[in-house]
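For the sequence shown, the residue numbers in the working numbering are 31 to 318. In this text, a Cβ means the ideal position worked out from N, Cα and C, and glycines have one as well. The structure displayed is predicted, hence computed values, not measured ones. The structure appears below as structure tokens.
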Amino acid sequence: MGSNKYIQIRNILIWTLALNWGVALAKIVYGLMTQSLAMSADGFHSLSDGSSNIIGLIGIAAASRPRDAGHPYGHRKYETLASMAIAVALFFIAFKLITTSIHKLVHQELINPEANLGSFVVMGITLAVNIGVMKYELRKGRELNSDFLVADAMHTGSDIFASSMVIGSLISVRLGLPIIDVIAGIIISLLIAYIGVGILKHSSRVLTDYAVIEVQHICDALSDMHEVVGCHRIRTRGRQDDIHADLHITVDKDMTVAKAHDLSTAIEKRIRERFPGVTDVIVHIEPA
Numbered sequence: 031m032g033s034n035k036y037i038q039i040r041n042i043l044i045w046t047l048a049l050n051w052g053v054a055l056a057k058i059v060y061g062l063m064t065q066s067l068a069m070s071a072d073g074f075h076s077l078s079d080g081s082s083n084i085i086g087l088i089g090i091a092a093a094s095r096p097r098d099a100g101h102p103y104g105h106r107k108y109e110t111l112a113s114m115a116i117a118v119a120l121f122f123i124a125f126k127l128i129t130t131s132i133h134k135l136v137h138q139e140l141i142n143p144e145a146n147l148g149s150f151v152v153m154g155i156t157l158a159v160n161i162g163v164m165k166y167e168l169r170k171g172r173e174l175n176s177d178f179l180v181a182d183a184m185h186t187g188s189d190i191f192a193s194s195m196v197i198g199s200l201i202s203v204r205l206g207l208p209i210i211d212v213i214a215g216i217i218i219s220l221l222i223a224y225i226g227v228g229i230l231k232h233s234s235r236v237l238t239d240y241a242v243i244e245v246q247h248i249c250d251a252l253s254d255m256h257e258v259v260g261c262h263r264i265r266t267r268g269r270q271d272d273i274h275a276d277l278h279i280t281v282d283k284d285m286t287v288a289k290a291h292d293l294s295t296a297i298e299k300r301i302r303e304r305f306p307g308v309t310d311v312i313v314h315i316e317p318a
């Protein structure tokens, strides 16, 4: 895991950046040509996918740096900070798109966009690309325990739903209902904001030291260690691939310091084995 992990994440982001910008360019240009607000909105949403990839590349470069005197726990949370930056970008884009859509709806600035065969072909191709990118990022994000790749997959996943809605709005235009195009733009904007909230919620849990492992799960992992009389004050925090745990263990009051030390080492090993993401364990021994 270390540098090799971040090299893999970097390469994935570079490829998805190229795909996202290609998809965005196709939807924005064709949306402007056909005067489709929903297609243009979806295109700018896809453009934000590319921007998030750039943010991710910067965050990954910072997160891959080794521990130093100023950062004894490492720099991995920079990846989580990059994930939060995605959420902020999504909120900004959602605000711009929804204000434009509402303005057109209130002032009845409805344009009858052109919904031809080319529109459906463009949306169909971009939809297929989005599905492929989302599945790949999500799978690699889980394999590599990457907060950013999972967040970016969620971001890209919103494109799938948004693109499906655009196709629906194009069908409505063919039926002579151009107002549906504006309404679709509003719904897409709300969807973008909703995805941003989800990413912000997940990232904030890491940065605010939300408990990662349930207390009972750790107690269960130590239940067959007969020297352990009891355990309490169990705390965990961090990312799924960088979990820090500390706990208090009660033992026989006559146990020697040497045996207590060996037990502490055994507990650390057990917790690391049962919970692969744990990178640091502190065990405090107390007499029963």
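- Message: What does the Cβ neighbour count give for Gly260, buried or exposed, with the cut at 16 atoms within 10 Å?
- Response: Residue 260 sits at position 230 when you count from the first residue of the sequence shown. Looking at its Cβ environment, which holds fewer than 16 other Cβ atoms inside 10 Å, Gly260 is exposed.
- Task: Alpha carbon to alpha carbon, how far is Thr286 from Glu173? Give it in angstroms, no decimals.
- Result: Position 143 of the sequence shown, counting from 1, holds the residue named residue 173. Position 256 of the sequence shown, counting from 1, holds the residue named residue 286. Each residue's Cα considered, the two are about 42 Å apart.
- Given a threshold of 16 other Cβ atoms within 10 Å of its Cβ, counted over all protein chains shown, does Asn34 qualify as buried or as exposed? Within the sequence shown, numbered from 1, the residue matching residue 34 stands at position 4. Flag for Asn34 reads exposed.
- Message: For the segment 123-140 against the segment 95-113, do three or more pairs of beta-carbon atoms, one drawn from each stretch, fall closer than 8 Å, so that the two count as touching?
- Response: no
- Message: Counting C-beta neighbours from all protein chains within 10 Å, is the total for Thr64 16 or more, i.e. buried, or is it exposed?
- Response: Here residue 64 is taken as the residue at index 34 of the sequence shown, counted from 1. Burial is judged here by how many other beta carbons sit within 10 angstroms of a residue's own beta carbon; Thr64 has at least 16 and is buried.
- Message: Judging by CA-CA distance, which residue of Ile297, Ile273 and Val59 is the nearest neighbour of Asn175?
- Response: The count along the sequence shown starts at 1 and reaches residue 175 at position 145. When each option's Cα is compared against that of Asn175, the closest is Ile273.
- Item | Endpoints, the beta strand (DSSP E) within which Gly268 is located | Looking up residue 268 in the sequence shown gives position 238. Residues Gly260 to Arg269.
- Task: With a 10 Å radius around its C-beta and 16 neighbouring C-beta atoms as the bar for buried, classify Arg352 as buried or exposed.
- Result: This structure cannot settle anything about residue 352, because the visible part of the chain is limited to 31 through 318.
- Message: Whole angstroms are fine: how far does the CA of Leu277 sit from the CA of Lys231?
- Response: Within the sequence shown, numbered from 1, the residue matching residue 231 stands at position 201. Within the sequence shown, numbered from 1, the residue matching residue 277 stands at position 247. C-alpha separation (whole angstroms): 27 Å.
- Message: If you follow the alpha helix (DSSP H) that Ile301 is in, where does it begin and where does it stop?
- Response: Residue mapping note: residue 301 aligns to position 271 of the sequence shown, counting from 1. It spans Val287 to Arg304 - the alpha helix (DSSP H) in which Ile301 sits, taken as one unbroken run.
- Asp177, DSSP secondary structure in three states: If you number the sequence shown from 1, residue 177 lands on position 147. In this structure, Asp177 counts as helix in the three-state DSSP scheme.
- Task: Look at the alpha carbon of His247 and the alpha carbon of His137, and state the distance between them as a whole number of angstroms.
- Result: To locate residue 247, count along the sequence shown from 1; it is residue 217. To locate residue 137, count along the sequence shown from 1; it is residue 107. The alpha-carbon atoms of His247 and His137 are separated by roughly 58 Å.
- As assigned by DSSP and simplified to three states, the class of Thr238: Translated into positions along the sequence shown, residue 238 becomes position 208. Coil, per DSSP.
- Message: For Phe122, count the other beta carbons within 10 Å of its own beta carbon; 16 or more makes it buried, fewer makes it exposed. Which is it?
- Response: Your numbering for residue 122 matches position 92 in the sequence shown. Under this definition Phe122 is an exposed residue.
- Task: Return yes when the Cβ of Leu77 is within less than 7 Å of the Cβ of Leu43, no when it is not.
- Result: The count along the sequence shown starts at 1 and reaches residue 43 at position 13. The count along the sequence shown starts at 1 and reaches residue 77 at position 47. No.
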